[in-house]
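>
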Ligand SMILES: *Cc1c(COP(=O)(O)O)cnc(C)c1O
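In our numbering, the protein residues as written are 656 to 1024.
#1: If we call anything under 8 Å between Cβ atoms a contact, is residue 982 one with residue 1021?
#2: Given 8 Å as the limit, is there contact between the stretch 807-827 and the stretch 771-783, that is, 3 or more CB pairs closer than that?
#3: Note down the Cα distance separating residue 976 from residue 858, rounded to an integer number of angstroms.
#4: Between residue 747 and ligand 1, is there a pair consisting of the residue's CB and a ligand heavy atom that are separated by less than 7 Å?
#5: Return yes when the C-beta of residue 751 is under 7 Å from any heavy atom of ligand 1, and no when it is not.
#6: Under the criterion of a Cβ to heavy atom distance below 7 Å, does residue 918 qualify as lining ligand 1?
#7: Rounded to whole angstroms, what's the CA-CA distance from residue 759 to residue 953? Just pull it up for me.
#8: Does the distance from the C-beta atom of residue 922 to that of residue 729 stay below 8 Å?
#9: Quick one: any contact between the stretch 883-898 and the stretch 748-759, if contact means 3 or more CB pairs under 8 Å?
#10: If residue 997 and residue 870 are in contact, beta carbons under 8 Å, what's the gap, nearest whole angstrom?
#11: In the DSSP assignment, find the unbroken alpha helix (DSSP H) run with residue 707 in it and report its ends.
#12: Among the candidates 903, 1023, 722, whose CA atom is the shortest distance from the CA of residue 879?
#13: Since I believe residue 831 is in contact with residue 862 (beta carbons under 8 Å), could you give me their beta-carbon distance rounded to a whole number of angstroms?
#14: Measure how close the beta-carbons of residue 968 and residue 941 come, nearest whole angstrom, since I'm counting them as under 8 Å.
#15: Measuring only from the beta carbon, is residue 926 closer than 7 Å to any heavy atom that is part of ligand 1?
#16: Any idea which residues DSSP pairs residue 1028 with across the strands?
#17: Going by the beta-carbon positions, is the gap between residue 914 and residue 722 smaller than 8 Å?
#18: By the three-class DSSP mapping on this structure, what secondary structure does residue 812 have?
#19: Cβ of residue 732 within 8 Å of Cβ of residue 927?
#20: Measure the CB-CB distance between residue 841 and residue 833 and report whether it falls below 8 Å.
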């Protein structure tokens, strides 16, 4: 059978048809413990009753009318999210779009001050998405090959060189507080980046698309950035991105400067609002921190070097990740890679200790196999 798709994904030999709680079922009826969560999306697991009820109610009420109008559920979601993060925001449909919005906002901010800086600095091992600016900010040659030219005035630097490179030419520094695709690395130079940005007038942007909303073990990362980008877990399983600007930069956009047909879709906002309320009500960032320690300790005891934070962890055991991931799947646990030698764990925030232990046991068995 020829594929109907353009050839962009190397998929696992697994067809998934259902999700319930922290498990997904394949077309043969077998259940798997989901330690990927759709790449850090399903923070509350699958078919969470409160999220599902919010989606059903909104589907019955209103699917889409565009951003030509006010929509109550979108306003309620934006108000709550803005209150938590202390800023005003733009809603889009994905992480890549959230980052693109942040760059436009940052450059316009400087342009309005008669200081039209263009330079964007990002970090080695970062990942920011696949459109041209987001790809230009992503220092991985494999993703860029054949797609040039990239956007000008974008530099990706080793962590040790980034702080000194920030200058009066720099419009913004974009950094993941915990790097995801690049291997689950905690970025420990955030205070130095903040200081250099303050000294030069550059804006500090946190790409929290993967590590955000509590997955890293913290809801808000310190020191505070000028702009925060969220997506993945934000829509409770539906496509939703947010670019949240602190008050000092929030006024840079005027009507017509930016827009999105689907951005802030009412159903996605209903799911996002229900998800956010549960994360806050049940103090899930603290739960991610505690479960993350248990996961890391278990993986280390199994013989791996572990990086990351909270429920965003990579295990390296000096062997290729691919065969380990296949062996874990055969044992009923789904994980994904974070580079050629790292197995990545992105479990649900609501995971139980027993489920964390089940993930560790599958990893240990795969290593021994
Ligand atoms: C996934 C990811 C993106 C891109 O998000 P999409 O929704 O796939 O466009 C950007 N930045 C980080 C840190 C990510 O993990």
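Even glycine gets a Cβ: it sits at the ideal position worked out from N, Cα and C. Predicted model, so just to flag it, every value in this text is computed and none were measured.
A quick look at the data gives this:
#1: yes
#2: yes
#3: 37 Å
#4: no
#5: yes
#6: no
#7: Each residue's CA atom was taken as its position, placing residue 759 and residue 953 some 43 Å apart.
#8: The beta carbons of residue 922 and residue 729 sit no closer together than 8 Å.
#9: yes
#10: In fact, because the Cβ distance is near 17 Å, the residues do not count as touching under 8 Å.
#11: 704-716
#12: 903
#13: 5 Å
#14: With a contact defined as Cβ atoms closer than 8 Å, residue 968 and residue 941 miss out at about 17 Å.
#15: no
#16: The shown model of the chain, from 656 to 1024, leaves out residue 1028, and the question about it has no answer.
#17: Yes, these two residues count as a Cβ contact at 8 Å.
#18: strand
#19: yes
#20: Going by C-beta atoms, residue 841 is nearer than 8 Å to residue 833.
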